[in-house]
Amino acid sequence: MIHNFSNLIAVCFVYFISTTPVILFYFSLSPTVFDFHQAADGIQEQQRQEQAGKNLGTTKKGIGPVYSSKAARSGLRMCDLVSDFDGFSERFKVLANQYKSIYPTLEIDIEGELQKLKGYMERIKPMVRDGVYFLYEALHGPPKKILVEGANAALLDIDFGTYPFVTSSNCTVGGVCTGLGMPPQNVGEVYGVVKAYTTRVGIGAFPTEQDNEIGELLQTRGREFGVTTGRKRRCGWLDLVLLKYAHMINGFTALALTKLDILDMFKEIKVGVAYKLDDKIIPHFPANQEVLNKVEVQYKTLPGWKTDISNARTFKELPVNAQNYVRFIEDELKIPGKHKHFIYSYLYFFYF
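Here the sequence shown is numbered in the numbering used here, starting from 578 and rising by one per residue.
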């Protein structure tokens, strides 16, 4: 979404440039999302609703369609836009007409879009970089700290998530290599960021969901709304089966436990520790959504602390029951907890 990036440049200029050096780069290999990708996303969701009675709950930002174009080798990348606009224009026309033939109701002002894109191109061109070379230089030059942040949860991964209710890319740790061109041996510490309870936006299986006053309280206290869509997040107890599965894929070396203070109000706190199906404990996280919808969660009930912990800044300042809750998660996941630190008011625990 080039216009969004262009707007981001303006925001950074207004709020940061005068006081803080901000460097924004656009990866030259990035697939480019066009307005018709977003329009097609909305049409696809409407078709799913009409044909199957339910949709996927996408953000309608065009992510799925642009990945489809990428896989079909008909998509356009940022390097195409800034290198040869005439060649880009011809390929853009072909791609736009393909979408018009697939979606007859789709209206695309091809010449108007190209005019806008040319304007964006002039503004963005100085910021487009060969990301592979840039990262290689950073890795092999003077020592630097490189932090890569995942944009989506592990269970939204296209390959390992709760398919089909997932995003279109790899958002587990392997995405660092495929998304940035970073060699696997350069991936160091892997921090798993997890809330003290479980949430989900949109449709899809959610075994520990609390569709009741508990879920409503978690949603309200945690201010749980989707970042892109603004939809209320579904909320439930912490699911350790799911979390262990995410740990298997990502190999967490540390855990950041967030929003522990949201649980302050509860006299008792439940944690999902196993799934049962047909009266038998299943030893793994089910890949099939129909199976996942049928599992019966086995819970461990822990005593709450009924104390405001929002001002705590060290692990020792926590009530004993809150400390025990953290230790229980640590023991179940078998991630070593050498040090416990609070960072900011949202109560992040870091295990190193």
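Quick reminder that beta carbons are idealized off the backbone N, C-alpha and C, glycines included.
Return the first residue and the last residue of the alpha helix (DSSP H) that residue i is part of.
i      : result
Tyr713 : 708-717
Leu757 : 751-757
Arg668 : 662-679
Lys647 : 640-648
Tyr740 : From DSSP, Tyr740 is part of no alpha helix (DSSP H); its letter is neither H nor E.
Gln866 : 866-871
Lys695 : 687-701
Leu733 : Leu733 -> no alpha helix (DSSP H), and no H or E assigned at all.
Asp908 : 897-910
Could you pull the DSSP bridge partners for residue i from this structure?
i      : result
Cys812 : Thr776
Phe604 : Arg706
Gly849 : Asp816, Tyr876
Glu786 : Gly813
Lys857 : Leu854
Val770 : Ala833
Phe802 : Lys809
Arg654 : Pro608
Pick out whichever of the options has its Cα sitting closest to the Cα of residue i.
i      : options                        : result
Arg800 : Ala823, Lys844, Asp816, Thr776 : Thr776
Ile640 : Asn827, Asn729, Leu837         : Asn729
Lys631 : Asp612, Glu699, Ser646, Pro741 : Pro741
Lys721 : Gly765, Phe665, Ser745         : Gly765
Ile854 : Val874, Phe905, Gly752, Thr805 : Position check: residue 854 holds Leu in this sequence, whereas Ile was assumed. Considering only alpha carbons, the answer is Val874.
Ile826 : Gln675, Gly751, Ile858         : Gly751
Gln623 : Asp657, Thr682, Lys677, Pro608 : Thr682
Val946 : Tyr680, Phe802, Ala833         : Outside the displayed range of the chain (578 to 929) lies residue 946, so it cannot be described from this structure.
Glu667 : Leu691, Ile679, Glu684, Thr884 : Leu691
Lys836 : Leu794, Thr878, Lys772, Cys754 : Lys772
Gly779 : Val818, Asn898, Gly634, Cys656 : Gly634
Asn888 : Asp838, Asn763, Phe665, Asp686 : Asp838
Phe843 : Cys748, Tyr774, Gly738         : Tyr774
Ala864 : Val818, Thr878, Glu894, Val705 : Val818
His824 : Glu867, Gln626, Pro896, Thr749 : Thr749
Asp940 : Phe892, Lys695, Tyr644, Val753 : The question about residue 940 has no answer, for the chain in this structure spans 578 to 929.
Cys656 : Ile791, Asn789, Phe602         : Phe602
Lys677 : Gln628, Phe613, Phe802, Phe905 : Phe613
Thr884 : Thr878, Thr891, Asp841         : Asp841
Just to check my reading of the structure: residue i and residue j have Cβ atoms closer than 8 Å, yes? What is that Cβ distance to the nearest angstrom?
i      : j      : result
Phe862 : Tyr822 : 4 Å
Val743 : Asp734 : 6 Å
Gln615 : Lys637 : 6 Å
Ala831 : Ile912 : 7 Å
Glu845 : Gly881 : 6 Å
Tyr680 : Ala617 : 6 Å
Val610 : Val659 : Val610 to Val659, Cβ: 16 Å. No contact.
Gln866 : Thr739 : 6 Å
For the beta strand (DSSP E) that residue i lies in, which residues bound it at each end?
i      : result
Thr835 : 831-835
Measure from the C-beta of residue i to each C-beta in chain D and report whether the shortest distance is under 8 Å.
i      : result
Asp707 : Absent from the structure is chain D; it holds one protein chain and no more.
For a test of your reading of the model: does the CB of residue i fall under 7 Å from any non-hydrogen atom of the ligand PLP? Yes or no.
i      : result
Glu867 : By its list of ligands, the structure shown contains no ligand whatsoever, and the ligand PLP lies outside what it can speak to.
- Message: When you compare the region 700-715 with the region 668-684, are there three or more beta-carbon pairs, one atom per stretch, that lie closer than 8 Å?
- Response: Look at the beta carbons and you see the region 700-715 not touching the region 668-684: under three pairs across the two are nearer than 8 Å.
Exercise. Counting Cβ pairs, one atom from each stretch, are 3 or more of them under 8 Å apart for the region 647-661 and the region 782-798?
Worked result: no
* Counting pairs of beta carbons, one from the region 840-849 and one from the region 800-816, are three or more of them closer than 8 Å? -> yes
For the region 704-720 against the region 601-613, do three or more pairs of beta-carbon atoms, one drawn from each stretch, fall closer than 8 Å, so that the two count as touching?
yes
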